[in-house]
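The sequence shown maps to residues 11 to 148 in this note's numbering. All residues carry an ideal CB built from backbone N, CA and C; glycine is no exception. From a predicted model like this one, the values you see are computed outputs, not experimental measurements.
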Amino acid sequence: MAISFAVSYSFCRDHSDWVLFNLASIFWRIRGFPREALECDRRAYLLAPEQYRDMALVNIANILHKQGYTKNATVLMKVAAENYPHAINHFALGNMYSVVEDYRRAIIHYSAALKREPNFVEALLRNGLLFLFQACSM
């Protein structure tokens with residue numbers, strides 16, 4: 011409850027802080043309220059400086075993915091990966107393509123993550139597993 015109090019107190023002082031909306035989104039996700047989390051992420055996206063907007067997009071995509079809307083989440087992750095080409099964005103997009111069994115695209119994005127961050131162990135493992143899976147299914 012200390013986190014919720016701190017976020018609530020901060021909101022009383024500043025309704026335009028995108029970081030607070032990101033924190034509130036995490037709080038609502040932990041508590042099991044995805045609708046409230048989405049609203050906080052929507053506000054975070056609108057208030058964030060351009061270079062940080064991918065955080066809100068990734069959060070929204072993760073919420074949609076967890077709620078079973080993986081195809082919709084993939085569209086948002088694609089926007090995040092194209093406009094903000096961080097390794098983690100490509101990794102998350104690769105994960106979503108794996109869920110919808112589009113393994114070719116998943117490999118492309120795991121490889122993109124590795125290109126940006128060569129020591130990204132999870133991306134390396136998943137990329138290797140997909141190569142093995144494709145080789146075994148031929």
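Excluding its 5 nearest sequence neighbours in each direction, Pro44 has C-beta neighbours in its own chain below 8 Å: Trp38, Ile73, Lys76, Gln77, listed in chain order. Each of Ala116, Pro95, Leu140 was checked against the Cα of Glu127, and the nearest Cα belongs to Pro95.
Nearest neighbour of Ala123 by Cα position, chosen from Gln144, Ala91, Leu67, turns out to be Ala91. For Met87 against Val109, the beta-carbon gap comes to about 11 Å, at or over 8 Å, which does not count as contact. Residue state for Val110 is assigned as coil, using DSSP reduced to three classes. The residue among Ala71, Gly42, Arg41, Ile40 with its C-alpha nearest the C-alpha of Tyr55 is Ala71. Under the three-state reduction of DSSP, Phe130 is assigned to coil, being neither helix nor strand. Counting other Cβ atoms within 10 Å of its Cβ, Ile40 stays below 16 and is therefore classed as exposed.
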